[in-house]
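Presented below is the structure to which this report refers.
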């Protein structure tokens, strides 16, 4: 059976969404009789070309092809394609529904809000979600749906008995990747975009005070240098490989996540799986995903809470306990092909056999 992951290329390149989708593909391809892969929505450099391709040519081609394949729509903005897919031969991945609440607070774009409206009003039978939080939120909007829960998954290079697990994360200077890093031996790490919901302004404020009080710099991944160039304490990396990102995790003093809305929060678990202490808000899905691990912030906009958490991490014993609990928490999301069993059943059931599949 061919399983086509349908989405927009831009959102699937070097993003948490893209990693989630690739992990689903990898796990499905370990199953019998499955051939899963991406198919990006065709693009054009001309607006009229994009309109014709996206809203006329491609939708109608889907109508004739979807009877043979099973489609997984990986981007909420592409929900309208479900109107052209043969009934029940597709599923929609809903990563989060932040726009429901945040649009009114002017911290989500109108384009994102249109994605929310598509999810709300277009009839979709089958959903896939990464967290219980998103699952429950979706049930409120689509009260007859039973979303399949498949969390983000991770492979970690760390092991409990590994020596480096107990290090205080000094920078390794024999690696060419670090040739342009300053003399500071410790840094706070931020990984994410500059979307308003990510609350990067608070991270900058915290980092400025942490630099003054503790000598910690701020390294960012995913933030443009144009935004951070005026801050002497900030070093930005926009595009890094997975290997380089993992090095940043392993050598960071801590990761700071100030997000006020996440459908899962992949970054915090990714950091924990590489032995990086995590300071995070407990908003939306983050409380669920972190469980009893990490240092949780009560008020996501109050910089003093982050600074107090940073100061605590200078205590070696406390720091190692945070690292250990974080790593153990990340093991809850270890890659396991059985996580896609319900989706596998859905793919192979004939439409006339399809009944509600219970979630575990």
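In our numbering, the protein residues as written are 920 to 1279. Even glycine gets a Cβ: it sits at the ideal position worked out from N, Cα and C. From a predicted model like this one, the values you see are computed outputs, not experimental measurements.
With a beta-carbon spacing of about 16 Å, residue 1044 and residue 1068 fall beyond the 8 Å limit used to define contacts.
Going by DSSP, residue 1200 is part of no alpha helix (DSSP H) but of the beta strand (DSSP E) stretching over 1197 to 1200.
When rounded, the separation of the alpha-carbon atoms in residue 1170 and residue 1124 is 22 Å. Distance from the CA of residue 1159 to the CA of residue 1034, rounded to the nearest whole angstrom, comes to 29 Å. Closest option to residue 1046, judged by alpha-carbon separation, among 1009, 1016, 1172, 1071: 1009. For residue 1225, the enclosing alpha helix (DSSP H) begins and ends at 1222 to 1231. Taking the C-beta atoms as reference points, residue 1206 is found no nearer than 8 Å to residue 1197.
With a cut-off of 8 Å on Cβ pairs, the stretch 932 to 947 is not in contact with the stretch 962 to 978, counting fewer than three such pairs. Residue 981 has its alpha-carbon roughly 20 Å from the corresponding atom of residue 931.
Of 1228, 1192, 1200, 997, the smallest CA-CA separation from residue 1179 is found for 1200. Linking residue 1243 to residue 983 through their CA atoms gives a straight-line distance of about 52 Å.
Taking the Cα positions, residue 945 is about 10 Å away from residue 1255.
Restricting attention to 1128, 1110, 1152, the CA atom closest to the CA of residue 1140 is found in 1110.
Taking C-beta separations shorter than 6 Å and ignoring five residues to either side along the sequence, the partners of residue 1214 in its chain run 1198, 1228, following chain order. Take the alpha-carbon of residue 999 and the one of residue 1117: they are about 27 Å apart. DSSP places residue 956 inside the beta strand (DSSP E), whose first and last residues are 954 to 959.
For residue 1176, the enclosing beta strand (DSSP E) has its first and last residue at 1173 to 1176. Per DSSP, the continuous beta strand (DSSP E) segment holding residue 1010 begins and ends at 1009 to 1012. Assignment of residue 1245 by DSSP, reduced to helix, strand and coil, places it in the helix class. Judged by DSSP secondary structure, residue 980 falls within the alpha helix (DSSP H) whose first and last residues are 977 to 984. Exclusion of the five residues before and after residue 985 leaves 1003, 1004, 1005, 1008, 1009 as the residues of its chain whose Cβ lies within less than 8 Å of its Cβ.
Residues of the same chain with a CB within less than 6 Å of the CB of residue 1138, apart from the 5 flanking positions on each side, are 1106, 1108, 1154 in chain order.
About 21 Å separates the beta carbons of residue 1266 and residue 936, which is beyond the 8 Å limit, so they are not a contact pair.
Distance from the CA atom of residue 1132 to the CA atom of residue 1151, rounded to whole angstroms, is 15 Å.
Residue nearest to residue 1074 within the set 1264, 1260, 1250 is 1250 (criterion: CA-CA distance). Listed in chain order, the beta strand (DSSP E) elements of length 3 or more contained wholly in the stretch 1117 to 1145 are 1136 to 1140. Distance from the Cα of residue 928 is smallest, within the candidate group 1172, 957, 1146, for 957.
Under the DSSP assignment, residue 1168 falls in the alpha helix (DSSP H) whose first and last residues are 1161 to 1170.
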